[in-house]
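Protein sequence lines, in the order shown, are assigned to chains A and B.
Note that our numbering has the first sequence beginning at 20, numbered continuously upward.
Note that our numbering has the second sequence beginning at 20, numbered continuously upward.
Okay, structure first, notes after.
Protein chains: 2
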Amino acid sequence: MAPTSCGRTHDVYDSSCPCRHMLDLLANKWSALALGALEDGPRRFGALRSKLDGVSPKVLTATLRRLEEHGLIDRTVYPAVPLHVEYSLTPLGRDACEPLALLRRWVVDNIERFPQAVLSDPRASVAP
Amino acid sequence: MAPTSCGRTHDVYDSSCPCRHMLDLLANKWSALALGALEDGPRRFGALRSKLDGVSPKVLTATLRRLEEHGLIDRTVYPAVPLHVEYSLTPLGRDACEPLALLRRWVVDNIERFPQAVLSDPRASVAP
DNA sequence: ACCACTGGTTCCCAATGGATACTACGATGG
DNA sequence: CCATCGTAGTATCCATTGGGAACCAGTGGT
Numbered sequence: 020m021a022p023t024s025c026g027r028t029h030d031v032y033d034s035s036c037p038c039r040h041m042l043d044l045l046a047n048k049w050s051a052l053a054l055g056a057l058e059d060g061p062r063r064f065g066a067l068r069s070k071l072d073g074v075s076p077k078v079l080t081a082t083l084r085r086l087e088e089h090g091l092i093d094r095t096v097y098p099a100v101p102l103h104v105e106y107s108l109t110p111l112g113r114d115a116c117e118p119l120a121l122l123r124r125w126v127v128d129n130i131e132r133f134p135q136a137v138l139s140d141p142r143a144s145v146a147p
Numbered sequence: 020m021a022p023t024s025c026g027r028t029h030d031v032y033d034s035s036c037p038c039r040h041m042l043d044l045l046a047n048k049w050s051a052l053a054l055g056a057l058e059d060g061p062r063r064f065g066a067l068r069s070k071l072d073g074v075s076p077k078v079l080t081a082t083l084r085r086l087e088e089h090g091l092i093d094r095t096v097y098p099a100v101p102l103h104v105e106y107s108l109t110p111l112g113r114d115a116c117e118p119l120a121l122l123r124r125w126v127v128d129n130i131e132r133f134p135q136a137v138l139s140d141p142r143a144s145v146a147p
């Protein structure tokens, strides 16, 4: 498997391993997009909201809070005239961006190879 | 962005782009684990169920069906004495494994860097 | 007849996701 | 003085999904 410095073996396939929890955090549409959106500098809530087309404020807040709790992003409040809040990557978050960027990139580069039927209708699999 | 052969630009940040839908499929805990579990050869339902520690049969079925519909895995039924079903990667699925393997790998390699508090309790963020 | 094995399905409930509306705060402006 | 705007979210409601446990079908074994 992949032994780590603490001496234990960590395994994403083990449901009781912390790795599983972290995979659950990162292997998530909105997390992957939010971290990617911060790759080229800090962004404010509103900017993220427009960049992550289709996200609702509730879900965006939840995603950002979760990423913050896990040390992937920082949340900085500027109590200026119109209050604004900036989100930025921590070093850990920046590192996490690498595999996520590769995944996003892979999807874009290989999108043509997927069955067309299922691409056109997001809910093609839901039969009445 | 990343223009593709069809002439359109594809963008995972655009909610109406098929890419978004595919990212949603791949940026998912169970998908990432299931594809990884098939990397070194076909596996049967029961084998996947044990490998993906903690998955319920319902969710595993749904995950596998979705991956099959999207052309990432094949489902082969052997109507032999004790019926068995084998799941295997398609070429597309095999290619998709690369970025997913990097992500799983990154998590395992960097797990020690995450805040310990949040690692120990998967639901630390859930207040009364 | 009964149990075990394999590969699921069904049922039910809790958690999550998503859309829409609303709040808090100070600034601006009539 | 009250109304309105921009910013960053909450609140509320409902649909979808995730998850656990039980159950089912087909066959072989005892």
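Ideal Cβ positions, reconstructed from N, Cα and C, are used throughout, including at glycine.
The model shown is predicted, which means the values in this text are computed figures rather than measured ones.
Check	Outcome
By a C-beta neighbour count over all protein chains shown, 10 Å radius and 16 as the cutoff for buried, is ARG84 of chain A buried or exposed?	exposed
Let me make sure I understand the geometry here. Which of B:LEU91, B:VAL74, B:PRO37 and B:HIS40 has the alpha-carbon closest to that of VAL31 of chain A?	B:VAL74
Taking the alpha-carbon positions, what's the LEU86 of chain B to GLU117 of chain B distance?	16 Å
Can you confirm whether GLU58 of chain A, when its beta carbon is compared against all beta carbons of chain B, has any partner nearer than 8 Å?	no
Show which residues of chain A have a CB atom less than 8 Å away from the CB atom of ILE92 of chain B.	Residues of chain A passing the Cβ test: none, with the nearest at roughly 13 Å.
Using a Cβ-Cβ distance cut-off of 8 Å, determine whether GLY65 of chain B contacts chain A.	no
To which residues does DSSP link GLU105 of chain B through a beta bridge?	B:ARG63 and B:THR95
When burial is assigned at 16 or more other CB atoms within 10 Å of the CB, is THR28 of chain B buried or exposed?	exposed
Using Cβ-Cβ distances below 8 Å, what residues of the stretch 119-131 of chain A are close to chain B?	LEU119, LEU121, LEU122, ARG123, ARG124, TRP125, VAL126, VAL127, ASP128, ASN129, ILE130 and GLU131
According to the neighbour-count rule (16 or more other Cβ atoms, all chains shown, within 10 Å of its Cβ), is ALA136 of chain B buried or exposed?	exposed
Measuring only the C-alpha atoms, how far is SER69 of chain B from LEU52 of chain B?	12 Å
Quick check: the Cα distance between LEU122 of chain B and LEU119 of chain A, rounded to an integer number of angstroms?	7 Å
According to DSSP, is HIS40 of chain B helix, strand or coil?	helix
Check the Cβ of GLY73 of chain B against every Cβ in chain A and list those closer than 7 Å, keeping chain order.	SER34
Kindly indicate if chain B contains any beta-carbon less than 8 Å away from that of VAL31 of chain A.	yes
Considering ASN47 of chain A, what are the terminal residues of the alpha helix (DSSP H) in which it resides?	From DSSP, ASN47 of chain A is part of no alpha helix (DSSP H); its letter is neither H nor E.
Which bits of chain A does CYS38 of chain B rub up against, with CB to CB less than 7 Å?	VAL126, VAL127 and ILE130
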